[in-house]
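Enquirer:
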Amino acid sequence: MHPERNQTVAVRPDIIEPEQNRQKLARQARGSRAYQDGLSAEEAVCSACIKEGWLILLKRARTRRGEIDIVMRKGSLICFVEVKKRKTLRGATECLSIAQQRRLYRAAECLLAAHPHWSYEELRFDLIAVDEQNALFWVKDVIRQM
0 MHPERNQTVA VRPDIIEPEQ NRQKLARQAR GSRAYQDGLS AEEAVCSACI KEGWLILLKR
60 ARTRRGEIDI VMRKGSLICF VEVKKRKTLR GATECLSIAQ QRRLYRAAEC LLAAHPHWSY
120 EELRFDLIAV DEQNALFWVK DVIRQM
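In case it helps, numbering that gives the first Met the number 0 puts the sequence shown at residues 0 to 145.
Quick look at the structure:
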């Protein structure tokens, strides 16, 4: 059957452009793997920090200004931690952009406002990079704005 001149024909992109669909599925799979890798890295960091005497206050703390991976306390210090999963630990200190630093700082402001009961004498922003073998590289006081 041939469509008449004024009839519309439904186009199925999954039939016409299978390569684009394969690429889309590959991107989704990479994103899902990256998400799972991130969760695994955050759990490894939490476990290591607890062994070091830290109390985990929040994980994946979302605010209107951004997300902080881990908020933890040790004594009178509250630490906001950004976790980065990397194949190797080389260059870990460069993996936090200026824009990300600003977002972390602003998200921390929101969290502190939302939790006025948190008492502290010192605040710190740390970066903890995790490699494929779950080895940790801890950069303390990565943001020095406070």
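All residues carry an ideal CB built from backbone N, CA and C; glycine is no exception.
#1: Determine, using beta carbons only, whether Arg72 and Leu57 come nearer to each other than 8 Å.
#2: What is the residue span of the alpha helix (DSSP H) that Ile97 lies within?
#3: How should Ala128 be labelled, buried or exposed, when 16 other C-beta atoms within 10 angstroms of its C-beta is the threshold for buried?
#4: List the endpoints of the continuous beta strand (DSSP E) containing Asp140.
#5: Alpha carbon to alpha carbon, what distance is there between Asp130 and Glu121?
#6: Where does Gly146 fall in DSSP's three states?
#7: List the whole-angstrom C-beta distance separating Tyr104 from Ile142, where the pair is believed to meet the contact cut-off of C-beta under 8 Å.
#8: Any idea if Glu66 is buried or exposed, counting beta-carbon neighbours within 10 angstroms, 16 or more meaning buried?
#9: What three-state label does DSSP hand Lys58 in the structure shown?
Expert: Inspection of the coordinates gives the following:
#1: As a position in the sequence shown, residue 72 is number 73, starting the count at 1. As a position in the sequence shown, residue 57 is number 58, starting the count at 1. No, they are not a contact pair.
#2: Translated into positions along the sequence shown, residue 97 becomes position 98. From DSSP, the alpha helix (DSSP H) with Ile97 extends over 97–113.
#3: On the sequence shown, residue 128 is found 129 positions in, with the first residue counted as 1. Under this definition Ala128 is a buried residue.
#4: The count along the sequence shown starts at 1 and reaches residue 140 at position 141. First-last for Asp140: undefined, no H or E at that position.
#5: By one-based count along the sequence shown, residue 121 stands at place 122. By one-based count along the sequence shown, residue 130 stands at place 131. Their backbone Cα atoms lie some 29 Å apart in a straight line.
#6: The question about residue 146 has no answer here: the residues shown for the chain are numbered 0 through 145.
#7: Here residue 104 corresponds to residue number 105 of the sequence shown, with the count starting at 1. Here residue 142 corresponds to residue number 143 of the sequence shown, with the count starting at 1. Sure, about 6 Å apart at Cβ, within 8 Å.
#8: Residue mapping note: residue 66 aligns to position 67 of the sequence shown, counting from 1. Exposed, since its Cβ has fewer than 16 Cβ neighbours within 10 Å.
#9: For the purposes of this step, residue 58 is taken as the residue at position 59 of the sequence shown. In the structure shown, Lys58 sits in a strand (DSSP, three-state: E or B).
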